[in-house]
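Colleague: Got a structure here, written out as structure tokens. Questions coming.
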Amino acid sequence: GIDEQEILQHTSDDKKDIISLLIKEFDRIKMNLNPHNWEIIQHWDTKKQNYKNDVYSFKVRGKEIKIQTHTESLSHLQIPKISLPKYEAWGDILLWNLQENVPGEFPYAAGIYPFKRTEEDPTRMFAGEGGPERTNRRFHYVSLEMPAKRLSTAFDSVTLYGNDPDLRPDIYGKIGNAGVSICCLDDAKKLYSGFELTNPMTSVSMTINGPAPMLLGFFMNAAIDQECEKYIKANALGKEVEEKINAIYKKKGVQRPEYQGELPEGNNGLGLMLLGVTGDEVLPKDTYEKIKAETISKVRGTVQADILKEDQAQNTCIFSTEFALRLMGDVQEYFIENNVRNFYSVSISGYHIAEAGANPITQLAFTLANGFTYVEYYLSRGMDINKFGPNLSFFFSNGIDPEYAVIGRVARKIWAKAMKFKYGADARAQMLKYHIQTSGRSLHAQEIDFNDIRTTLQALYAIYDNCNSLHTNAYDEAITTPTEESVRRAMAIQLIINKELGLAKNENPIQGAFIIEELTDLVEEAVYTEFDRITERGGVLGAMETMYQRSKIQEESLYYETLKHSGKFPIIGVNTFLSSKGSPTIIPDEVIRATETEKKHQIEVIEHLHKGNADNAKEQLELLQQKAVNNQNIFEQLMEATKVCSLGQITSALFEVGGQYRRNM
């Protein structure tokens, strides 16, 4: 505030009257100022000093974290990690704090955390092909020597539609192609073997939607059994457990499953001891339950499970929309009741909306609208927003359009303001966490070497806008499944930006730029306008009934393709700057596909599982259907059913009680 007496002591007598009037006017204006705003002004100098100090400390979940505030360049200059404006006028200071603020403070325009994690790069590479063993080898390849293991899983279309591998012609040809084939718990154990799933430096993302609860059950049980394996080894119970497993398989009369081929470099075999059985079959019940509770509270990761955008853009719906939403709600309720704090129950996705043809504003508006629909649905089921809010995450595409430079900051601002002012959520629930994948649609089959340049620019957008994780596409994705060499190049793009690019040492480099501020305002306003259009159509679900979202995506896709083919929208090496040979479409020497051996092995795995667990599976599936009919939590029973049933068995059982997806015509 102002010390009136001190000011008057230093004022000449002839000016005291006017100074007194100014002080009174100041006090009058201050009376009408929001107390929070006055607090911002008062603490501005302290905030600036905190970032000037050598070390900045803050707390996350009660743990104090200390961060060096500057990095030293090769020229021995101290480069600030966070740069602040040099405003002196209180109005400018207040406006900046309310509209922008520092990273980690509302409205989170510059990021949701005060500083980036220095021990964990945002790298999260997408992989999936063949059987679980082949993808496990790819996971170990892309994460070798990386301190943080951030795995992102692509599933084949057989898995995406909730089917089991089969000789049926419409299924057989798709097994393990364009994604990994996962049809049971043992597949999940092989897929993530050698990665300590409860390690805070390990995080697993699963791109699965219709059958997401089943895949989540496979993953959770794989993690639990991995911890059971560690307990068995720590207590020298290996021999005793092996005898129990042999007895179980002697009774079943089928071959015990095993990992196919040699373990890759970096895979120590963790997670493979209990292939074919679960921890509760070989350990006392109280021991198993304790391990289970500890495990699910520790595992980090994300399951996509965003059924609204499937109807709008990607099309892997398998259950009726109403039943799919119920399954999502059951998963979230289970997470709340069982203290699953570090796993995101849904990744609300705009990527597929953009890849289907939507422009960046439509992508952002549809995605946030879907997110608010989930919030309203979970609230209608009586869930506490402060308990489910932190379990929601987002996923956006990054193209080269100017709007992509601010897509993250606009999303964070809109989400934070709605969660705070409309829903009264706490700070943790206000923070929008999102993954970025560079645009696959922007990659072209002509002059494919140019694709790395496009991906680099898109990655730069994402990193400068403080994304929480990032996948950079390989240049050859336009023509085939990426090779190990092309994936390594794609990873290098973001590593070079993060490790070598000098400006990236600063963590809010775009804040304060005139164009960024104007773009932020323009995009935010455009998103609100699109919200109004959706509201006029009865909200997200009402708009879906008339196919509003699909129609808009198709219109915008046609607009882009028309400009591209006419040459009005220049694309280097595609419709301009062609080579002397005309920049023809590149045909790959080899298209990567699952082998016949891999396909047949996956079918054998299912046959053995069905034969060995016939009676137990029948009982679990009946219990699952009873839970659904009695309006009880389905995911609670799915955690048991996924121990002995295959994906296809569970899908078929749930079709009978939840209904199969049919698109409105």
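Quick note: the sequence shown uses the working numbering, first residue 22, plus one each step.
Think of the CB as a built atom: it goes at the ideal place given N, C-alpha and C, for glycine as much as any other residue.
Treat the numbers as computed from the prediction; the structure is a model and nothing was measured.
Three-state secondary structure (DSSP) at Phe147?
Modeller: DSSP places Phe147 in strand when its eight states are reduced to three.
Colleague: Gly679 lies in the beta strand (DSSP E); which residues open and close that run?
Modeller: Gly679 -> not in any beta strand (DSSP E); alpha helix (DSSP H) instead, spanning 668 to 679.
Colleague: Are the Cβ atoms of Leu293 and Tyr280 separated by less than 8 Å?
Modeller: Yes.
Colleague: May I ask you to report which of helix, strand or coil DSSP gives Asn634?
Modeller: In the structure shown, Asn634 sits in coil (DSSP, three-state: anything other than H, G, I, E or B).
Colleague: Please return the same chain residues whose Cβ sits closer than 7 Å to the Cβ of Thr501, not counting the five positions on each side in sequence.
Modeller: Here the set comprises Pro609, Val612, Ile613.
Colleague: Measure the Cβ-Cβ separation of Val163 and Val508 and say whether it is below 8 Å.
Modeller: Against a cut-off of 8 Å, the Cβ pair of Val508 and Val163 comes out as a contact.
Colleague: Helix, strand or coil for Asn472 per DSSP?
Modeller: Residue state, collapsed to three classes: helix.
Colleague: Using a Cβ-Cβ cut-off of 6 Å (strictly less than) and excluding sequence neighbours within five positions of Met227, which residues of its own chain qualify?
Modeller: Around Met227: Thr174, Leu236, Val324.
Colleague: Nearest to Lys438 by alpha carbon, out of Arg138, Val76, Glu576, Phe127?
Modeller: Lys438 has its Cα closest to that of Phe127, out of Arg138, Val76, Glu576, Phe127.
Colleague: Can you find at least 3 beta carbon pairs, one from the segment 402 to 412 and one from the segment 444 to 452, that sit closer than 8 Å?
Modeller: Contact holds: three or more Cβ-Cβ distances are below 8 Å.
Colleague: Below 6 Å CB to CB, which residues in the same chain sit around Ile624 once its five sequence neighbours on both sides are set aside?
Modeller: Contacts found: Pro186.
Colleague: If I follow the unbroken alpha helix (DSSP H) through Ser490, where does it start and stop?
Modeller: It is not in any alpha helix (DSSP H) - Ser490 instead sits in the beta strand (DSSP E) that spans 490 to 492.
Colleague: Hey, could you find the ends of the alpha helix (DSSP H) Leu516 is sitting in?
Modeller: 505 to 520 is the span of the alpha helix (DSSP H), which, as asked, contains Leu516.
Colleague: Throw me the rounded Cβ distance for the Cys249 and Tyr682 pair, which I believe falls under 8 Å.
Modeller: Not confirmed; about 36 Å, so no contact.
Colleague: Can you tell me which residues form a DSSP beta bridge with Arg171?
Modeller: In DSSP, Arg171 forms a bridge with Ser224.
Colleague: Could you give the DSSP three-state label for Asn487: helix, strand or coil?
Modeller: Three-state result, Asn487: coil.
Colleague: Leaving aside the five residues before and after Thr156 along the sequence, list all residues of the same chain whose C-beta is less than 7 Å from its C-beta, in chain order.
Modeller: Hits under 7 Å: Ala148, Gly149, Glu150, Val201, Leu212.
Colleague: Mind the definition here: the segment 241 to 259 touches the segment 656 to 672 only if three or more C-beta pairs lie below 8 Å; say whether that holds.
Modeller: Result yes; three or more Cβ-Cβ pairs closer than 8 Å.
Colleague: When we look at the beta-carbon of His313 and count the other beta-carbons within 10 Å, is it buried (16 or more) or exposed?
Modeller: The amino acid at residue 313 is misidentified as His; the sequence shows Lys. Buried: at least 16 other Cβ atoms inside 10 Å.
Colleague: Secondary structure at Val298, three-state DSSP: helix, strand or coil?
Modeller: DSSP places Val298 in coil when its eight states are reduced to three.
Colleague: Would you kindly report the start and end of the unbroken beta strand (DSSP E) that includes Ser368?
Modeller: 367 to 370 is the extent of the beta strand (DSSP E) around Ser368.
Colleague: What's the call for Leu43, buried or exposed, on a 16-neighbour Cβ count within 10 Å?
Modeller: Exposed: under 16 other Cβ atoms inside 10 Å.
Colleague: Could you check what DSSP says for Asn652 in three-state terms: helix, strand or coil?
Modeller: Coil, per DSSP.
Colleague: Based on Cα-Cα distance, which residue from Pro234, Thr493, Asn288, Pro56 lies nearest to Lys210?
Modeller: If we check each option's Cα against that of Lys210, Asn288 comes out closest.
Colleague: Of the choices Asn256, Ile328, Asp327, whose alpha-carbon is the least far from that of Leu8?
Modeller: The chain is shown only over 22 to 686; residue 8 falls outside these bounds and no answer can be derived.
Colleague: Compute the beta-carbon to beta-carbon distance between Leu491 and Gln515, rounded to the nearest angstrom, for a pair I have assumed lies under 8 Å.
Modeller: With a Cβ gap of about 6 Å, Leu491 and Gln515 count as contacting.
Colleague: What does the Cβ neighbour count give for Lys36, buried or exposed, with the cut at 16 atoms within 10 Å?
Modeller: Classification for Lys36: exposed.
Colleague: Starting from the Cα of Asn198, find the closest Cα among Arg189, Leu181, Asp177, Leu188 and give me that residue.
Modeller: For Asn198, the nearest C-alpha among the options comes from Asp177.
Colleague: Kindly list the residues whose CB is nearer than 6 Å to the CB of Ala233, restricted to its own chain and excluding five residues on each side of it in sequence; keep chain order.
Modeller: Closer than 6 Å at the Cβ level, and outside the excluded window around Ala233, lie Val324, Ala326.
Colleague: How would you write the range of the beta strand (DSSP E) that Glu85 sits in, first residue to last?
Modeller: Looking at the DSSP string, the run of the beta strand (DSSP E) that includes Glu85 is 84 to 89.
Colleague: Tell me whether Arg475 is buried or exposed, calling it buried when 16 or more other Cβ atoms sit within 10 Å of its Cβ.
Modeller: Buried, because 16 or more other Cβ atoms sit within 10 Å of the Cβ of Arg475.
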